[in-house]
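Residue numbers (the working numbering), protein chains in the order written: chain A, 8 to 229; chain X, 519 to 765; chain Y, 3 to 63. Just below is one structure, and these are the notes that go with it.
Pasting the structure below:
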C-alpha cells in the first residue's frame, strides 16, 4: 500500500516535470507579484520592511491558488482519475498523495524562493527563520485546503474563479499566523505560539482535507 | 428524522407552521421597531446611535445561527441522504447572506459616528465579512452544477468544511486584531446593555428568528416544487421517447 | 417631530440602518413568496399535462 502511495507521488512529480515547469511558473508568478509592491508603495526601505512578510505571504497564497485548478482537472480529462479510483488504495489516500506532490511542486519551491524575496523586500534579518519555518508549516495547509476546493470544482464550468472564491476565505488563518510569526520574530519576540497554531491547523487539515476531497471527487466520478 | 424526508409531509407541516411564524415575525418586528425607535432611551455614551444595535445585533446573531443551521442540515443531507435537508440548506444561504450584509452595513453606519470612520478592521466585522464570502462561495457552488443531486452534495461538503473552519477563522481574526488594534477605539461591547434597551433587543432577535423561519418555508416550498417540475419534465421526455420508439 | 427624526444628530445613520435593513428584508420576503408561487403554478401546469399520473391517482381514490 505504501508502495502504491509513493508511486503515486512519483507519478505526479514526473507529470509535473514533463508538462514543463509547473513550479517554475509558480515561482515566476510569486516573484512577479512581490515585485509589484515596491512599484506600488514606493521603494522606501522602512515601508518595504513593514510590509515584507505580509506581501510575501499574500503572493505565495496567490501562487498556490493559481496552481490549484490543474490538481485533478488533467486526471479527470484523460480518464486517469477513474483508474486511480480503482487502485487498492482508499481514494482519500490517493488525494493525500496528489496533495503531497502538489506541495512538493509548489509550496516547497515557494518556501525556498521566499528568502530571496525577503532580500528584495528588506525583510528584517531576524525574521528569515520565522518566515521559512512558518511557510514550511503553512504551505502544506494551503495545498490540503486547496485540494478540497479543487475536488469540489473539478469538471465544473468556470471552475477556476469559483475555486478562488471558495478557497480564499479558508486560507485566512494561515495568512494571519504566518505573517505574524515573521512580524513577532522581527520585533524580537518568540514565535513558538504561531508555530503551534500552524501545526495544529496542519494536523487537523491532514486528517480532514483528504477525506472531504475524496467525497467531492466521487461526485465527479459518478 | 425520516418522517420529514417526505417532501409532501414537509409541505404539510410547513403550511401549518407558516401562519404562526409569519405572525410572530410581524408582531415582534413591529413591536421591536416601535419600542426601539420611539420608546427606548438613548444610551448615555452612544446617544441615539444605539438604536442601530436593534438591527445590527440580531442580524449578526442570525447570520451565524443560519450558518449553523445550514451546516447541520448539510450534514443530515450528506449522511442520511435526507431529501429535504439539502433544500433547507440551499434555501438558508441567501437569507444568511442577507443578514450578514445587513450586519456589515449597519456596523459600518454605526462605526462612522462612533469610531469616526466607515470601516474598521474590528475582529467581529472582519470575521463577518469573511463569513459573507463563505456564504457567497456556497451559493456560487450550487449554481455551478447542472445536476442538482451533485450540486447538493458538493455544497454540503463545502458547508461542513466551512463550519469546521469558521471557529479557526474567528479565533485567528480575533488574535490578529489584538495585535493590531489601536487602543483608543471604543468597542461595540463596551458598556453593558441597560435593561430598557434589552427588551426591544430581545423582541427584535425573536422577530428575526421568526422572519428567517417564514422566508425559509417559502424558499423550501419553491425548491420542492421546482424539483418536482424537473422530475415530471424528465418523465414526460422519457414517455415521448418511448412513444416515438414504439412508432 | 423633527427632533425625533434627527435622532440627536445621528438621524442619517439610524434611519439608513433601519431603512436598508427593512428594504432588504422585505425584498427578500417578497422575492421568496413570488418564487414559491411561480414554482407552484409551474408544477400544477405540468401535472395537468401528464395524464398517466392523474389516472393512477383517480384509480387510487
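Every residue gets a Cβ at the ideal spot worked out from N, C-alpha and C, and that includes glycine.
Contact between residue 718 of chain X and residue 558 of chain X holds, with the beta-carbon distance rounding to 5 Å and staying under 8 Å.
Annotation: the continuous alpha helix (DSSP H) that includes residue 187 of chain A extends over 166-193.
At least 8 Å separates the beta-carbon of residue 102 of chain A from that of residue 23 of chain A. The Cβ atoms of residue 525 of chain X and residue 722 of chain X do not sit closer than 8 Å to each other. Taken through DSSP and simplified to helix, strand or coil, residue 23 of chain Y comes out as helix. Residue pairing by DSSP places residue 565 of chain X opposite X:561 in a beta bridge. Short of 7 Å from the beta carbon of residue 609 of chain X, and not among the five residues preceding or following it, lie these beta carbons of its own chain, in chain order: 734, 737, 738, 741. The DSSP-derived three-state label of residue 718 of chain X is helix. For residue 129 of chain A, there is no enclosing alpha helix (DSSP H), as DSSP gives it neither H nor E. The alpha-carbon separation between residue 725 of chain X and residue 32 of chain Y amounts to approximately 17 Å. Between the region 53-68 of chain A and the region 180-193 of chain A there are three or more inter-stretch CB-CB distances shorter than 8 Å, so the stretches are counted as touching.
Taken in chain order, the complete alpha helix (DSSP H) segments of 4 or more residues contained in the region 57-86 of chain A are 80-84. Contact between the region 565-572 of chain X and the region 7-19 of chain Y is established, with three or more Cβ pairs separated by less than 8 Å. Short of 7 Å from the beta carbon of residue 59 of chain A, and not among the five residues preceding or following it, lie these beta carbons of its own chain, in chain order: 125, 128, 129, 130. Taking CB atoms only, residue 743 of chain X has a neighbour in chain Y less than 8 Å away. Excluding its 5 nearest sequence neighbours in each direction, residue 91 of chain A has C-beta neighbours in its own chain below 6 Å: 101, listed in chain order. Close partners of residue 164 of chain A in chain X (Cβ separation under 8 Å): 662.
Looking at the backbone, the Cα of residue 216 of chain A and that of residue 152 of chain A are separated by about 6 Å.
Put simply, the region 75-83 of chain A touches the region 155-171 of chain A. At least three CB pairs are less than 8 Å apart. DSSP places residue 600 of chain X in no alpha helix (DSSP H); its state is neither H nor E.
By the neighbour-count definition (other C-beta atoms within 10 Å, threshold 16), residue 756 of chain X is an exposed residue. For residue 214 of chain A, the uninterrupted alpha helix (DSSP H) segment begins and ends at 199-228.
For the C-beta of residue 187 of chain A, the chain X residues within less than 7 Å are, from N- to C-terminus, 694, 697. Here the C-alpha atom of residue 177 of chain A lies approximately 24 Å from the C-alpha atom of residue 81 of chain A. Here residue 593 of chain X has 678 as same chain residues with Cβ atoms under 7 Å from its own Cβ, once five neighbours each way along the sequence are excluded. By the 16-neighbour rule on beta-carbons within 10 angstroms, residue 180 of chain A is buried. In the structure shown, residue 45 of chain A falls within a helical segment according to DSSP collapsed to helix, strand and coil. Identification of chain X residues near residue 30 of chain Y by a Cβ-Cβ cut-off of 8 Å yields 612, 613, 616, 733, ordered along the chain. The beta carbon of residue 222 of chain A falls within 8 Å of a beta carbon belonging to chain X, placing the residue at that interface. Within a 10 Å sphere around the beta-carbon of residue 613 of chain X sit 16 or more other beta-carbons, which makes this residue buried. Looking only at A:116, A:197, A:14, the smallest Cα-Cα distance to residue 37 of chain A is reached by A:116.
In this structure, the straight-line span from the alpha carbon of residue 588 of chain X to that of residue 762 of chain X is close to 44 Å. Just so you know, the alpha carbons of residue 537 of chain X and residue 148 of chain A end up roughly 48 Å apart. Between residue 105 of chain A and residue 209 of chain A, the C-beta gap is not smaller than 8 Å, which leaves the two residues out of contact.
Neighbours of residue 651 of chain X across chain A, judged by C-beta separation under 8 Å: 172, 175, 176. Any Cβ of chain A closer than 8 Å to the Cβ of residue 671 of chain X would place that residue at the interface, and such an atom is present.
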